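Engineer: Residue numbers (my numbering), protein chains in the order written: chain A, 1 to 879; chain B, 1001 to 1504.
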Amino acid sequence: MIQLDDRTVTAAGTILDVCRAAGVDVPALCHHPRVGGGGHCRACMVEVDGRMVAACTTPARDGSVVVTQSERLRAYRRDLGELMHAEAAPAGVAATVLAGWGVDGTRYEARQRVSRQDASHPYLRLDLETCIRCRLCEEACNRIQGQFVYAFAGRGSETIVTWGPDRFVDSDCVACGACTALCPTGAVSDRDRRALADEPRRAAGPAAPPAAVVQTTCTFCGVGCQLAVHVAGDRVVRVEGADTPPNHGHLCVKGRYVHGFARHPDRLRTPLIRRDGALVPCSWDEAIAAVAEAFTRLRGHVAGLSSSRCTNEENYLLQKWMRAGLGTNHVDCCARVCHAPTARGMRESLGTGAATNSFADIDQADVILVAGSNSTEAHPVVGARIKQAVLRGARLVVIDPRRTELAAMADVHLALRPGTNVALLNSLAHVLVTEDLIDHAFVADRTEGFERYRQFLADHAPERTAAITGVDAGRVRAAARLYGKARRPLQTHGLGMTEHYQGSESVMLLCNLALLVGGLGRVGVGVNPLRGQNNVQGAADMGCQPDLLTGYASPQAPDVRARFEPVWGRPVPTEPGLTLPQMYRAAREGSIRAMFILGEDVVQTDPGAHVDAGLAALEMLVVQEIFLSETARRAHIVLPGASGLEKDGTFTSGERRIQRVRAALPPLPGARPDWEILCALMAATGYPQPYRGPADIMDEIARVVPAFAGVSYAHLDAGGLQWPVPAADHPGTAILHTERVARGRGAFACVAYEPSPGLDVDPAAYPLRLTTGRVLEHYNCGTMTRRSDNARLRPCDELELAAADADRLGIGDGDAVVVRSPHGEARAVARISPRMAEGTVFLSFHYAETGTNRLIGPVLDRLADCPEYKVTPVVVARA
Amino acid sequence: MHPASGMNPVLEWARRHQREAPDENLIDDLRAGMSVDQAAERQGMPRAAVHGVQSYYEYLRHPAPLRVCAGTACRFAGGWMTSAALPGTAEVRCLGRCYEGRPCRTDQTPAPIPRRALVDEPVVLRHVLGAGGADPERLYRSVARPAAEEILATLAASGLRGRGGAAFPTAAKWEAARRVDAPVKYVVANGDEGDPGSYVDRLLLEEDPHAVLAGMCACARAIDSSGASGQNVVRGVVYVRAEYPAAAARACRAIAEATEAGLLPPGFAIEVHVGAGSYVCGEETALLRGIEGLRGEAQPRPPYPTECGLHGWPTVVQNVETLAIVPWLLESGRKPASKAFCLSGAVASPAVVEAGFGISLAELLARGGGGAAPRMPCPPWKMALIGGPMGRVLPVAAFDTPLGYDTLPGLGHGGVVVFDAAVSARDLAGHLFEFAASESCGACTPCRVGTAQLGHRPDRAALERLLDTLELGSMCGFGQGVPRPIRDLLQHFPDEMFPARGAR
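1. For Ala1254/B, I'd like the list of residues in its chain whose CB is within less than 7 angstroms of its CB, leaving aside the five on either flank, ordered along the chain.
2. Looking at Leu279/A: is its Cβ nearer than 7 angstroms to the Cβ of Leu268/A?
3. Grab the span of the alpha helix (DSSP H) containing Gly538/A for me, first residue to last.
4. Who are Leu4/A's beta bridge partners in DSSP?
5. Taking all protein chains shown into account, decide if Gly1078/B is buried (16 or more other Cβ within 10 angstroms of its Cβ) or exposed.
6. Taking the alpha-carbon positions, what's the Ala415/A to His440/A distance?
7. If you check the beta carbons only, do Tyr584/A and Gly614/A fall under 7 angstroms apart?
8. Determine the burial state of Met1/A: buried for a count of at least 16 other Cβ atoms within 10 Å of its Cβ, exposed for fewer.
9. What are the start and end residues of each continuous beta strand (DSSP E) run of 3 or more residues lying completely inside the stretch 735-802 of chain A, in chain order?
10. Arg107/A by DSSP, collapsed to three states: which one?
11. Three Cβ pairs or more, each shorter than 8 angstroms: is that satisfied between the stretch 367-379 of chain A and the stretch 524-542 of chain A?
12. Quick one: residues in its chain with C-beta nearer than 8 angstroms to the C-beta of Arg1102/B, no 5 flanking neighbours on either side, listed in chain order?
13. Give the single residue among Pro1395/B, His1431/B, Ala1171/B and Arg1047/B whose Cα lies nearest to the Cα of Glu1149/B.
14. Tell me, please, whether the CB atom of Met1034/B is closer than 7 angstroms to any CB atom in chain A?
15. When the distance is taken between beta carbons, is Cys56/A closer than 7 angstroms to Leu16/A?
16. Quick one: which residues of the stretch 108-121 of chain A get their C-beta closer than 7 angstroms to a C-beta of chain B? List them in chain order.
17. What is the DSSP secondary structure of Gly1233/B, reduced to helix, strand or coil?
18. State the Cα-Cα distance for the pair Ala928/A and Ala60/A, rounded to the nearest angstrom.
19. So which residues on chain A does Gly1450/B lean against when the C-beta distance must stay under 8 angstroms?
20. Do you know offhand how far His301/A's Cα is from Thr840/A's?
21. How is Arg1460/B classed by DSSP in three states: helix, strand or coil?
22. Does Glu87/A get closer than 7 angstroms to chain B when you measure Cβ to Cβ?
23. What are the uninterrupted segments assigned as alpha helix (DSSP H) that are 4 or more residues long and contained completely in the stretch 340-370 of chain A, given in chain order?
24. Just to confirm, is the Cβ distance from Arg299/A to Leu318/A under 7 angstroms?
25. With 16 other CB atoms within 10 Å as the buried threshold, where does Glu1307/B fall?
26. Determine, for Ser1083/B, whether the minimum Cβ-Cβ distance to residues of chain A falls below 7 angstroms.
27. Name, please, each residue of chain A whose Cβ falls closer than 8 angstroms to the Cβ of Arg1115/B.
28. How about Leu599/A and Ser307/A: are their beta carbons less than 7 angstroms apart?
29. Go through the stretch 589-618 of chain A residue by residue and report every complete run of the beta strand (DSSP E) that reaches 3 residues or more, in order.
30. Quick one: list the residues of chain B neighbouring Asn374/A, beta-carbon separation under 9 angstroms, in chain order.
31. Hey, Gly758/A and Tyr501/A are a contact pair by Cβ (cut 8 angstroms); roughly how many whole angstroms apart?
32. By how many angstroms is the C-alpha of Gly1282/B removed from the C-alpha of Gly100/A?
33. Look up Glu448/A in the DSSP assignment and give the residues it is bridged to.
34. Kindly indicate the opening and closing residues of the beta strand (DSSP E) around Phe842/A.
35. Mind reading off the beta-carbon distance from Ala880/A to Leu124/A? Whole number of angstroms is fine, and I expect it under 8 angstroms.
36. In this structure, does DSSP put Asp861/A in helix, strand or coil?
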């Protein structure tokens, strides 16, 4: 116990912790619970047993007497305040502290103020006149994002923050904004904060009127970051990270700064209908009636594509409409083009096609294997978490053809040739088995097929597979030893594993590795796919796939039908439906004549070889969108939907966490929440629905899906729930396979490497291999991020290539280039990059004008129909 | 292998981004003339962090072929000029040549360091008085013989206290490091003798380095808690300030000699780190950051280096003079009763003088320094600055004060600069203000802002208010210590510090 002023409290943590727990106000400007720090500002000095100490760095010890108010402290604080005033113009929290100390000026000379400002960056703003050298910007950057943008330069009274180059925009900043959230004065601030209270340090009165704050879920990847959206009127003024799982206040350049799209002039504000070849505005009634008429007339030839950007409730409705309303299982979602192989592979190996663990487990792992994921760009908040774990001492193995940011800091980087995952993963397993780095008890108790697998692996030594993968055998052995000797080996994987000819099988091989070392069913381990879109997990969970109903239930199973049919009031069709690539083919062949596409820009994001002819052959293409996307331009009817900021519902993140989506903005005039549109369409096609709102839809989902039985909006409001949630009082499930592997025993898959037929081309004609992916600043087809200042940070697409290839091809950095594959061509600007190995080139797919996906061929994952985006033979030349 | 706590993310980032671990650290690269970008690339360091380091150390901020000493003795010797008056030069504090009695510059060959003992059996200077010097084999043997527990017990019984200035009991520090179970530990010799007016550590490093190294060996053995298995590693670092190039070279040579002769304990390797000009690096937490190649800024304590020091591992930082005594202490089992004092300024014959604790300043100056400098009028002395710029000012009337850690708090490392009546209290205060402002590391607000304001206080009350804030609020001993000699000046020379209105 500690005596704190006039009371007795428990000693725990630092003196500052004790004071804060007791509600005693001790200002600490250089310490923040998220990053620690402290000891610099000396504002939190208190008397402990008669000695003055900094509360933030002094451990609380039993028996101490702590005094937070005394004449000596008052005099000290007043003088310290005057020194601070001499150094920096009071602003923000620091100004409040100074005012609280009665400091409204200084008797010291204000010679130490620095007047430097920097507004070179689209988002970050620096105004060093208010900098109190607390170093929270540096701590935030180092200990949250791991970017090391800031340091302190000079010494003594010349000490001031530095970011390296002259202009801030030329620094290493990735604009996550963590520093702006922690800076106590606004010296490091951002566009949104500045706009909110213009020049706050000179404002005499209180700050701008308080904005409403709505907590909702980010829409820019599958991490599911919680946003605190600050709203004034019908505008988002600022976005903060909510201090809850999974992001604990952190965000990325997309989540924090890309919100202007919601009120962008390009937003669709009225339904459009094609007349005389052109899309023209029409009324909602006319549009709904036209869709209903066409879909009724073409019943049996209709297919639906759901949206991973829409809510669970909307996805549920779409497949319910297709199945129960229109009598077809022709419904799919964009998981088909990303993680369908994960779901398939993990279901076969483990019994559940979703992440086994949670993002929080990254903090607990001692070895992290990142396979085919550029996490720091595609899933920045998880990427930062991995970086932090590694900077704290976890070991890192990265499988990636590119030297990504994580690869560059890895203990072992396995830079394989694109398309050779299977050979590499087999060689890793070979080392684990032959060097006896396996968990024998786990293998014996929880797996099956090990003996066959052991024999299969015999001729997959890394020395043999090196010829296929291009990876030095010593590195493979080093990686296997790290993973095999780990106490808590954790995997994450991305589309670099799945979007291949042998994608599903690669995922099974990842599962094999976890099964071999017992890396399953406990804290800090697991097989954890990083889901790409915000609700791609949910779209699949909700049954937007042709072979499985909501909750991965088979429509052929009688007990499943018995569960669904009373709720749906209609028979569940049993005939298997078509996958997305099959739908395009069927459209070309005439058996699919109408398609409903909810919020997906397949023209840009699906392989051109599949899409164009299929869509062109349709009699009726309906696209529900927020912008006139490339796909919407080809539609017969366009329905204006709502963005994630304008509607209620839920998303399910990559860690199976069902989280609330709450409308921060009123609906855009003329547009409607997507669930309302779907209900109107269902009613117009003869299948009216009773819902008063998304909460009712979730209640229905809970009735048909056992794993959702305990899910309700009331239960979700406490911070989301990780499925399965079998009962209303169940806390959710952070880790799967704890007691036993879900399928009974984990199955070892024996898969031999087979080169993709897509690579069977004349190497002289197509000497390079193209791989594709995301860049940090943009999301998917770019409709939202390219309508933001992220476009200033990354204005155009770049073909990344190795210097050796560039030299050989006579291509200079910044040259316009044309990329040709056997299937099409694309155009971009060349960027010579040390990230690239010779022979491999990279393009993103964010830019419609590049046409990256026109290069992609017709090869699909042979088990899950996912297109082979990650390896294409190409030739590059100057344009 | 990582320590449980205290990992610096910048260093781990750098370690992971180095193409191959370079032999030189960042400070060496920058000293060798690399640009920020070049050094960042080679060290795998973030550019901003490299800029932070480059702009911190005096030798890197202001590279100059020729430096003039602005230490206390040089500053008040006749004919001193600021570097501003000498184009192409930069200042340095201090070169440890205070005994030369002239403004020293780096282009002059240093004179040999005079030394003498006022005790029959000198300890600190035992190898540097007269001919012969140390017998390295005997030195290392004396520390190799006793068991770790015995070393600690002997040390504790001797009552040895650190001589760098803080006077912390040495045995307690070593025991604290021993108690922590860690696979890696460090022993660091603090040769950052920054106090202007002190030069005994330079003398020891240049002329008796094996005594220091043997002391480090004793420490390495004492703090290694791995027992007979010997699984754990203890490493040694000798931190030598940039201002002492000959000391650094000699220390390197001595390490090579001892290593070659197989005199170091098994597995114990020692390397030399050369500083780049920062007084605060003498503070132990700042010194460790310097060895890591970072800005030499003080860190909040706890955690103390004995739990979380160099690269996060338990570390003992021990002053050179302290370490040099340890072999004698282990061999003789006696209590050290004498200390080295460095005399300079207005004394006839400046020298390192070993004298017993409790000797009065007057006696020390008379017997050890040959009395007043001959050119001085009589009575020649006005005051003395003892223990450097964070030490004490004694007026001549108090020269009978016995010199000891308890009798004169602030005794510090034992440098004594004597001033005659030609130096006003205001001049000395101005020098100390300038020193404080130039050498503050900038890590904490009171010291960063306050030291630059010291020289501009309009009256005594305003100055005392600032001294209170520095003393109460500063993070480390630098800011806390700056007020100490100033308060002495205010007490003993109030009228010189702030002349009464109209008296000027």
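Beta carbons are placed, not taken as given, at the ideal position from N, Cα and C, and that holds for glycine.
All of these numbers come straight from a predicted model, not from anything done at the bench.
Structural biologist: Judging by the given coordinates:
1. Reading the second sequence from its first residue, position 254 is the one you call residue 1254/B. Answer for Ala1254/B: Pro1209, His1210 and Leu1213, listed in chain order.
2. Start at 1 with the first residue of the first sequence, and residue 279/A comes out as number 279. Start at 1 with the first residue of the first sequence, and residue 268/A comes out as number 268. No, Cβ-Cβ distance for Leu279/A and Leu268/A is not below 7 angstroms.
3. Residue mapping note: residue 538/A aligns to position 538 of the first sequence, counting from 1. Going by DSSP, Gly538/A is part of the alpha helix (DSSP H) stretching over Val536 to Asp541.
4. Taking the first sequence and counting its residues from 1, one reaches residue 4/A at position 4. Answer is Arg7/A and Val66/A, bridged to Leu4/A.
5. Along the second sequence, one-based indexing puts residue 1078/B at 78. Result: exposed.
6. Position 415 of the first sequence, counted from the first residue, corresponds to residue 415/A. Position 440 of the first sequence, counted from the first residue, corresponds to residue 440/A. So the two alpha carbons sit approximately 30 angstroms from each other.
7. In the first sequence, residue 584/A corresponds to position 584, counting from 1. In the first sequence, residue 614/A corresponds to position 614, counting from 1. Going by C-beta atoms, Tyr584/A is nearer than 7 angstroms to Gly614/A.
8. Here residue 1/A refers to the residue found at position 1 when the first sequence is read from its first residue. With a 10 Å radius around the Cβ and a threshold of 16 neighbouring Cβ atoms, Met1/A comes out exposed.
9. Correct list: 768-773 and 798-801.
10. Here residue 107/A corresponds to residue number 107 of the first sequence, with the count starting at 1. Coil at Arg107/A, not helix or strand.
11. A contact exists between the stretch 367-379 of chain A and the stretch 524-542 of chain A.
12. Counting from one through the second sequence, the residue named residue 1102/B turns up at place 102. These residues qualify, in order along the chain: Cys1074, Ala1077, Gly1078 and Gly1079.
13. For this step, residue 1149/B is matched to residue 149 along the second sequence. The candidate whose alpha carbon is nearest that of Glu1149/B is Ala1171/B.
14. For the purposes of this step, residue 1034/B is taken as residue 34 along the second sequence, with counting starting at 1. Not an interface residue.
15. Taking the first residue of the first sequence as position 1, residue 16/A is located at position 16. Taking the first residue of the first sequence as position 1, residue 56/A is located at position 56. Yes, the pair counts as a contact, with Cβ atoms nearer than the cut-off.
16. Interface annotation for the stretch 108-121 of chain A against chain B: Tyr108, Glu109 and Gln112, criterion Cβ-Cβ distance under 7 angstroms.
17. Taking the first residue of the second sequence as position 1, residue 1233/B is located at position 233. Inspection of the sequence shows that residue 1233/B is occupied by Val rather than by Gly. Three-state DSSP puts Val1233/B in a strand.
18. The structure shown does not extend to residue 928/A, since chain A is modelled only from 1 to 879, so the question has no answer here.
19. By one-based count along the second sequence, residue 1450/B stands at place 450. Taking a Cβ-Cβ cut-off of 8 angstroms, the neighbours of Gly1450/B in chain A comprise Leu83, given in sequence order.
20. As a first step, residue 301/A is located in the first sequence; it is residue number 301 there, counting from the start. As a first step, residue 840/A is located in the first sequence; it is residue number 840 there, counting from the start. The straight-line gap separating the alpha-carbon atoms of His301/A and Thr840/A is approximately 42 angstroms.
21. One-based indexing of the second sequence puts residue 1460/B at position 460. The DSSP-derived three-state label of Arg1460/B is helix.
22. Reading the first sequence from its first residue, position 87 is the one you call residue 87/A. Closer than 7 angstroms: yes.
23. Taking only runs of at least 4 residues, the alpha helix (DSSP H) segments lying wholly in the stretch 340-370 of chain A are 340-349.
24. Taking the first sequence and counting its residues from 1, the one referred to as residue 299/A is at position 299. Taking the first sequence and counting its residues from 1, the one referred to as residue 318/A is at position 318. Their beta carbons are not under 7 angstroms apart, which means Arg299/A does not touch Leu318/A by this criterion.
25. On the second sequence, position 307 is the one that residue 1307/B refers to. Burial call: buried.
26. The residue given as residue 1083/B occupies position 83 in the second sequence. For Ser1083/B, the answer is no, since every Cβ of chain A falls outside 7 angstroms of its Cβ.
27. In the second sequence, the residue the question calls residue 1115/B occupies position 115. Residues of chain A with a Cβ closer than 8 angstroms to the Cβ of Arg1115/B do not exist; the shortest Cβ-Cβ separation is about 34 angstroms.
28. The sequence position of residue 599/A within the first sequence is 599, counting from 1. The sequence position of residue 307/A within the first sequence is 307, counting from 1. Note on identity: in this sequence residue 599/A is Gly, with Leu being the wrong assignment. Closer than 7 angstroms, so yes.
29. Fully enclosed beta strand (DSSP E) runs of 3 or longer: 594-598.
30. On the first sequence, residue 374/A is found 374 positions in, with the first residue counted as 1. Close to Asn374/A, with beta-carbon spacing below 9 angstroms, lies no residue of chain B; the smallest spacing is near 17 angstroms.
31. Here residue 758/A corresponds to residue number 758 of the first sequence, with the count starting at 1. Here residue 501/A corresponds to residue number 501 of the first sequence, with the count starting at 1. Indeed they touch by this definition, with Cβ atoms about 7 angstroms apart.
32. Indexing the first sequence from 1 puts residue 100/A at position 100. Indexing the second sequence from 1 puts residue 1282/B at position 282. The straight-line gap separating the alpha-carbon atoms of Gly100/A and Gly1282/B is approximately 37 angstroms.
33. As a working mapping, residue 448/A is identified with position 448 in the first sequence. Answer by DSSP bridge pairing, in chain order: Ala747/A.
34. Against the first sequence, residue 842/A aligns to sequence position 842. Going by DSSP, Phe842/A is part of the beta strand (DSSP E) stretching over Thr840 to Ser844.
35. Because residue 880/A is not part of the residues shown, which for chain A are 1 to 879, the question remains open.
36. Stepping through the first sequence from its first residue, residue 861/A is reached at position 861. Coil at Asp861/A, not helix or strand.
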